[in-house]
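Working notes, beginning with the structure itself.
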Amino acid sequence: MLLQKSAFLPLLLGLLFLPALLFPLGGTEQDGSSGKGTRSKPLRGTGLYAKALDGQYVELAGRIRLVGSAPFPELVLSDGENNDWYIEKASREIVSAYEQQTVTIRGKLTLQDMILANGTVLDKRRMLSELTLIKH
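So for the sequence shown, the numbering used here puts the first residue at 2; every next one is plus one.
Written out as structure tokens, the structure reads:
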């Protein structure tokens with residue numbers, strides 16, 4: 002009986018981690034862009050959350066939501082892929098009236114490092130500034 006239990010654990014762990022090995026998150030796709038943004042041609046489309054570079058202008062559609070808690074509430078645009086794009090404080094007035102509504106905006110992307118108190122580095126926060134409301 003002991004042999005059967007000890008053989009079951011590696012099998013169970015293998016089954017749990019098999020999807021992660023077959024379908025890894027993220028990617029190494031390179032789009033060859035220079036990273037310099039232009040107002041006339043903002044980046045659009047699926048997969049933009051992983052591809053967009055610091056300083057680029059992006060055009061996004063999604064729902065404006067209020068996240069966090071007092072005293073640090075944040076406005077975010079949640080896109081169709083469930084990614085949160087944080088809206089800079091200076092640009093909040095432009096979209097705050099559209100909370101819980103779907104809008105299309107254009108703005109400049111800034112990637113900010115997120116570091117926990119213990120020094121653990123997390124994914125970069127996508128912060129939008131210089132917003133223009135395109136459609137509401």
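Even glycine gets a Cβ: it sits at the ideal position worked out from N, Cα and C.
Computed from a predicted model, the values in this text were never measured in an experiment.
Residue i versus residue j: straight-line alpha-carbon distance, rounded
i           : j           : result
residue 91  : residue 135 : 18 Å
residue 122 : residue 80  : 24 Å
Under 9 Å between C-beta atoms of residue i and residue j
i           : j          : result
residue 89  : residue 49 : no
residue 112 : residue 54 : yes
Simplified DSSP state of residue i, which is helix, strand or coil
i           : result
residue 100 : strand
residue 70  : coil
residue 94  : helix
residue 62  : strand
residue 48  : coil
residue 121 : coil
residue 75  : strand
Where the beta strand (DSSP E) through residue i begins and ends
i           : result
residue 53  : Note, residue 53: premise wrong, no beta strand (DSSP E); not H, not E.
residue 133 : 126 to 136
residue 85  : 85 to 88
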